[in-house]
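Numbering (our numbering), first residue to last: -16 to 543.
The beta-carbon is built from N, C-alpha and C at its ideal position, and this holds for glycine as well.
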Amino acid sequence: MYMKSFRFNTITFRVGYLASGIKFLGYVDPLLSAILNCFSFLSVFDLREDIGINLTMALLRSLFFVCTFLVELFVAKGLGINWGTRATHPLPGSIVVELLKDNGFDKVKLFEPDSDALKSLGNSGIQVMVGIPNEFLLPLSNSVQAAVDWVRQNVSTYISRYGVDIRCVAVGNEPFLKTYKGAFQQTTFPALQNIQAALIKAGLGRQVKVTVPLNADVYETDTNLPSGGDFRSDIHSLMISIIKFLSDNACPLTINIYPFLSLYADSHFPIDYAFFPGSGTASASPVVDGPITYSNVFDANYDTLIWALEKNGFSSIPVIIGEIGWPTDGDPNANINYARRFNQGLVDRIIQRQGSPKRASPPEIFIFGLIDEDHKSIDPGNFERHWGLFKFDGTVKYQLNGIGKGGGGGLVPAKGVKYMARQWCVMKAEGNLLDPNLGQSINYACTYADCTSMGYGSSCGRLDARSNASYAFNMYYQTANQQKGSCGLNSNVSAIITTIDPSQDTCKFEIMIDIGNHQAPAPPRRTTPSPSMSSSSSTTQSVMAVILIWIAGVVISVVQ
């Protein structure tokens, strides 16, 4: 009996030692964190003399497989995000790439082949989807050679010279949006075909796939239920042609779904239905479709697409959610609390690999977006510049569980960001609010700078008249790189530069990034054998975790 107890204690010691060793090495990937929790439990398991050693070993084996199952269940893989670059003062690409890596994003979607972004992504282990803006669809649709040139300049070069792991080319961006009134309906499919032909000619047909990111308005339902889903009648044949082409070439369909926009467009939309169950109060307005009850608009929207695909013979084509997120400013419903609630529910789904009621397999998801963009069009609404998980300078807006370094340690901010001088432009205390030039000056400032936070229900929506003027003047001053004469817009309006921060409550008076003070590093050259081989850090750490599990199993077997 004493010998058996000693042998079991040896198991306890060895497993506990292994767990301590992992902690010492500092592997904090979510997968390894789960393993550590299991090993820590095993290391304190106490053998009682009245329990036989065979039963003990059976319990250990059971715990071992339970741990392995939990590891597989609760760790996110392939965390994707959109990196938009429409900013007056963009972060350097090298800083953004480190921000992506520090926060566990191993897939990124670009809306255009931005050179700084692509070069910075070289040899980073991050998979890339690079986009083609809609204005390029016409020339690409008219000429195969134009597509060949585009692929050579924006795909082949970055793969071969810089080691960028480009996996997909997004042809256009929501080209069939109803507000475009058919402007791109004749050019999207030919451009898609020509880009695919160009990729094949470049020898990249298997490595790099094509897709078309589409808005969710390309499908509809005549029953107000997901099961009534089909593609829009005016583009039905076009959609079938595109989907068949994608399917024939083993390419995914990409769709953008925005529950926020459902709420924004309809003042009577049930607000809880916009969020995922478990991320707050359960929806009081579920949608019942036969045997399925939908508790949130995302599942209902997504399954409307799945029904449309099945009805037209494409039940197995992979689907990517190209954009999904929640803004933090520019509208009463665009705020930190709602954004945290929605994106936490989204991250939880990604971690749990949750599909929809109609399609159990989870779609690949790209969160929108990474960083706020103060130069985006606000035609859709003032919120359009505030989708980022991070502010324009890479600072964290709010925390999310289960994301970030350390397998849920939380988001971490960008490092190495340099700012302009710590000074602001404000209206003088003695300035005349009745000055006839004041309103004109504010309008001018907000034409060239971002004043969307001043709107009703926004973070700066409760400022008084003088503070409103100060906010507008400061945004113009910062956007103009604090240039001499830009405080007060060279007018007779009374403004002054101050070193006292005028920020109030939720309203932050910003200081812009000093874009001229970031020395661009030399672009990385390709050092990996082939971008087609996954080199993401998550894959490497997952392999390490599998090895550690195997070692633990060997330890248990040896000491039996």
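By the C-beta density criterion, V152 is buried, having at least 16 other C-beta atoms within 10 angstroms.
In this structure, the alpha-carbon of I304 lies about 48 Å from that of N420. Nearest neighbour of Q423 by Cα position, chosen from A452, Q136, I494, turns out to be A452.
A Cβ-Cβ separation of about 4 Å places D272 in contact with L208 under the 8 Å criterion. The beta carbon of V409 is closer than 6 Å to those of S453, T481, P485 in its chain, skipping five residues each way along the sequence. Annotated as proximal: R368 and G313, with beta-carbon spacing under 9 Å.
A direct Cα-to-Cα measurement between A283 and Y277 gives close to 6 Å.
For Q168, there is no enclosing alpha helix (DSSP H), as DSSP marks it with neither H nor E. E367 carries a helical assignment under DSSP once its states are collapsed to helix, strand and coil. Looking at the backbone, the Cα of E356 and that of A174 are separated by about 28 Å. Annotation: the region 188 to 250 contains the following complete segments of the beta strand (DSSP E) (minimum length 3 residues), in chain order: 192 to 194, 196 to 198, 202 to 204, 212 to 214, 236 to 239. For a cut-off of 8 Å, the C-beta gap from I300 to L292 is around 6 Å, short enough to register as a contact. In this structure, DSSP gives C470 a state outside helix and strand, which the three-state scheme calls coil. The beta carbons of L329 and N86 sit no closer together than 9 Å. In the three-state scheme derived from DSSP, where H, G and I count as helix and E and B as strand, L353 is classed as coil.
Within the region 294 to 343, the complete beta strand (DSSP E) segments of 3 residues or longer fall at 302 to 307, listed in chain order. The count of Cβ pairs closer than 8 Å, one atom from the region 145 to 163 and one from the region 189 to 205, reaches three, so the stretches are in contact. Here I319 is not near I350, since their CB atoms are 9 Å or more apart. One Cα belongs to V80, the other to I240, and the distance between them is close to 26 Å. Counting the other CB atoms within 10 Å of its CB gives N500 a total below 16, which places it among the exposed residues.
Looking only at V270, Y321, I361, the smallest Cα-Cα distance to Q382 is reached by Y321.
Counting only residues of its own chain and dropping the five nearest sequence neighbours on each side, P345 has a CB closer than 8 Å to the CB of R332, I333, R336, Q337, G338. Looking at the backbone, the Cα of P242 and that of F281 are separated by about 6 Å. Using a 10 angstroms sphere on the CB of Q179, the tally of other CB atoms reaches 16 or more, which defines it as buried.
Under the rule that a run must span 4 or more residues, the alpha helix (DSSP H) segments found entirely inside the region 91 to 147 read 98 to 103, 120 to 125, 127 to 134, 140 to 145. Secondary structure at N65: strand, using DSSP grouped into helix, strand and coil. Runs of the alpha helix (DSSP H) lying entirely within the region 429 to 465, each at least 4 residues long, are 448 to 462 in chain order. Rounded to whole angstroms, the separation of the alpha carbons of R324 and R189 is 39 Å. Counting only the Cα atoms, L93 lies some 14 Å from I348. With a cutoff of 9 Å on beta-carbon distance, P396 and L82 are scored as near each other. Around the beta carbon of Q169, fewer than 16 other beta carbons lie within 10 angstroms, which makes this residue exposed. Take L472, set aside five residues on each side of it, and the residues of its chain with a beta-carbon closer than 7 Å to its own are S424, Y427, A428, Y459, in chain order. By the Cβ neighbour-count rule, G296 is exposed, with fewer than 16 other Cβ atoms within 10 Å of its own. Annotation: the continuous alpha helix (DSSP H) that includes I78 extends over 76 to 85. L236 and L229 do touch by the CB rule: their CB atoms are close to 6 Å apart, below 8 Å.
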